[in-house]
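Chemist:
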Amino acid sequence: MTSTELPLVAAGPALPKQAGISRDEWLRLARIARLLSWASLVVIAAEGVIGIGAGIAASSTALIGFGLDSVIEGFASLVIVWRFSGARLASHDAELRAQRLVAIQFFLLAPFVAFEAVRSLVGGEHADVSRLGIGLAIASLISMPLLGRAKQRIGARMGSVATQGEGAQNMLCAYMAAALLVGLVANAAFGAWWLDPAVALVIAGLALREGVEAWRGESCCMPAVGAVAADACCDDC
Numbered sequence: 094m095t096s097t098e099l100p101l102v103a104a105g106p107a108l109p110k111q112a113g114i115s116r117d118e119w120l121r122l123a124r125i126a127r128l129l130s131w132a133s134l135v136v137i138a139a140e141g142v143i144g145i146g147a148g149i150a151a152s153s154t155a156l157i158g159f160g161l162d163s164v165i166e167g168f169a170s171l172v173i174v175w176r177f178s179g180a181r182l183a184s185h186d187a188e189l190r191a192q193r194l195v196a197i198q199f200f201l202l203a204p205f206v207a208f209e210a211v212r213s214l215v216g217g218e219h220a221d222v223s224r225l226g227i228g229l230a231i232a233s234l235i236s237m238p239l240l241g242r243a244k245q246r247i248g249a250r251m252g253s254v255a256t257q258g259e260g261a262q263n264m265l266c267a268y269m270a271a272a273l274l275v276g277l278v279a280n281a282a283f284g285a286w287w288l289d290p291a292v293a294l295v296i297a298g299l300a301l302r303e304g305v306e307a308w309r310g311e312s313c314c315m316p317a318v319g320a321v322a323a324d325a326c327c328d329d330c
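Here it is in structure tokens:
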């Protein structure tokens with residue numbers, strides 16, 4: 094460098110990105126992902142409070158389980174907020190840690206749902222009719238797919254497996270809400286109390302599968318800046 098030359102100053106830390114996505118677009122998507130996770134936290138908090146409260150009032154194991162599941166889901170949203178805050182925006186390690194933490198939520202959720210389902214089936218627990226629970230299930234069926242699909246689309250564009258995993262967890266919540274709705278309505282109309290725990294066992298299996306996929310990731314790691322799609326995977330992940 095001569096006396097008249099100035100040192101080159103980087104515009105900012107190198108950010109992971111998918112091929113064809115600019116730095117500004119990646120940052121915009123990261124902000125959206127963070128906002129979606131905050132929105133999820135608000136919805137999930139309401140689900141937890143209403144689900145547990147309505148479940149206790151109706152002696153419904155399914156409703157209580159749904160509310161407690163919301164607590165587990167809330168942690169996944171906090172993980173994504175953490176992932177896309179501060180210096181972690183440019184961190185490959187933060188993406189991998191977030192991906193694994195989201196996967197762990199599935200691994201915690203699957204045995205919990207399975208245990209509650211088996212306990213309800215073996216115990217033959219008959220819950221009271223809960224109109225509040227039915228309303229909660231319908232609201233979750235509307236909100237969770239919207240949040241889940243948005244996160245999965247954004248995560249795919251960014252190359253963020255953690256964001257896609259959180260979206261998959263929101264979709265799983267929608268499946269649980271559908272099972273809850275079927276169980277509550279069938280119990281109210283026909284006394285078919287066993288439908289809810291039976292469907293919950295299927296959901297537990299889906300949760301385990303989603304956990305395995307989130308742990309492995311869509312790709313082994315975040316693609317580097319300028320990497321083409323075919324060669325974007327790191328060899329040492």
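With the first letter of the sequence shown counted as 1, position 106 gets the number 199 in the working numbering; the numbers rise by one all the way through. Ideal Cβ placement from N, Cα and C applies to all residues, glycine included. None of the values given here were measured: they were computed from a predicted structure.
1) Would the beta-carbon of Val195 fall within 8 Å of that of Gln245?
2) Assuming the contact rule is C-beta atoms closer than 8 Å, Phe159 and Leu301 should be a hit. Round their C-beta distance to whole Å, please.
3) Only counting runs of 4 or more residues, tell me where the alpha helix (DSSP H) segments fall wholly within the region 202-279, in order along the chain.
4) What did DSSP end up calling Gly304 once you bin it into helix, strand or coil?
5) So, with DSSP's three-state summary, where would you put Ser133?
6) At which residues does the alpha helix (DSSP H) containing Val155 begin and terminate?
7) With distances taken between CB atoms, is the gap from Ala285 to Val206 smaller than 8 Å?
8) Measure the CB-CB distance between Met264 and Gly241 and report whether it falls below 8 Å.
9) From Leu129 to Phe177, what distance separates their C-alpha atoms?
10) Spatial neighbours of Gly276 within its chain, please: CB distance less than 6 Å, with the 5 preceding and 5 following residues excluded, ordered by chain position.
11) Distance check for Gln192 and Arg127, CA to CA, integer angstroms please.
12) Given this structure, state the Cα-to-Cα distance separating Leu299 from Glu118, to the nearest angstrom.
13) So, is Ser152 buried or exposed, given that buried needs 16 or more other C-beta atoms within 10 angstroms?
14) With H, G and I counted as helix, E and B as strand and the rest as coil, what does DSSP make of Ala285?
15) Got a sec? Which residues, its chain only, sit under 7 Å from Ala249 by beta carbon, not counting five neighbours each side?
16) Within a Cβ cutoff of 8 Å, which residues of the same chain sit near Ala291, ignoring the five residues on either side of it in sequence?
Modeler: Quick look at the numbers:
1) Reading the sequence shown from its first residue, position 102 is the one you call residue 195. Reading the sequence shown from its first residue, position 152 is the one you call residue 245. Cβ atoms of Val195 and Gln245: not closer than 8 Å.
2) Stepping through the sequence shown from its first residue, residue 159 is reached at position 66. Stepping through the sequence shown from its first residue, residue 301 is reached at position 208. Not really, about 18 Å apart at Cβ, beyond 8 Å.
3) 224-251
4) Your numbering for residue 304 matches position 211 in the sequence shown. Reduced to three states, the DSSP call for Gly304 is helix.
5) For the purposes of this step, residue 133 is taken as the residue at position 40 of the sequence shown. DSSP places Ser133 in helix when its eight states are reduced to three.
6) As a position in the sequence shown, residue 155 is number 62, starting the count at 1. It is worth fixing the name first, because residue 155 is Ala in this sequence and not Val. Here the alpha helix (DSSP H) through Ala155 covers 154-176.
7) Within the sequence shown, residue 285 is the residue found at index 192, counting from 1. Within the sequence shown, residue 206 is the residue found at index 113, counting from 1. Not a contact, by the Cβ cut-off of 8 Å.
8) Numbered from 1 along the sequence shown, position 171 holds the residue referred to as residue 264. Numbered from 1 along the sequence shown, position 148 holds the residue referred to as residue 241. Cβ atoms of Met264 and Gly241: closer than 8 Å.
9) Working through the sequence shown from its first residue, we reach residue 129 at position 36. Working through the sequence shown from its first residue, we reach residue 177 at position 84. Taking the straight line joining both Cα atoms gives about 12 Å.
10) Here residue 276 is taken as the residue at index 183 of the sequence shown, counted from 1. Same-chain partners within the cutoff: Ala155, Leu288, Asp289.
11) In the sequence shown, counting from the first residue as 1, residue 127 sits at position 34. In the sequence shown, counting from the first residue as 1, residue 192 sits at position 99. Rounded to whole angstroms, Arg127 to Gln192 spans 15 Å at the Cα level.
12) Residue mapping note: residue 299 aligns to position 206 of the sequence shown, counting from 1. Residue mapping note: residue 118 aligns to position 25 of the sequence shown, counting from 1. Near 33 Å, if we compare the C-alpha coordinates of Glu118 and Leu299.
13) For the purposes of this step, residue 152 is taken as residue 59 along the sequence shown, with counting starting at 1. With fewer than 16 Cβ atoms within 10 Å of its Cβ, Ser152 is classed as exposed.
14) As a position in the sequence shown, residue 285 is number 192, starting the count at 1. Coil.
15) Position 156 of the sequence shown, counted from the first residue, corresponds to residue 249. Here the set comprises Gln257.
16) Numbered from its first residue, the sequence shown carries residue 291 at position 198. The residues are Ala210, Leu214.
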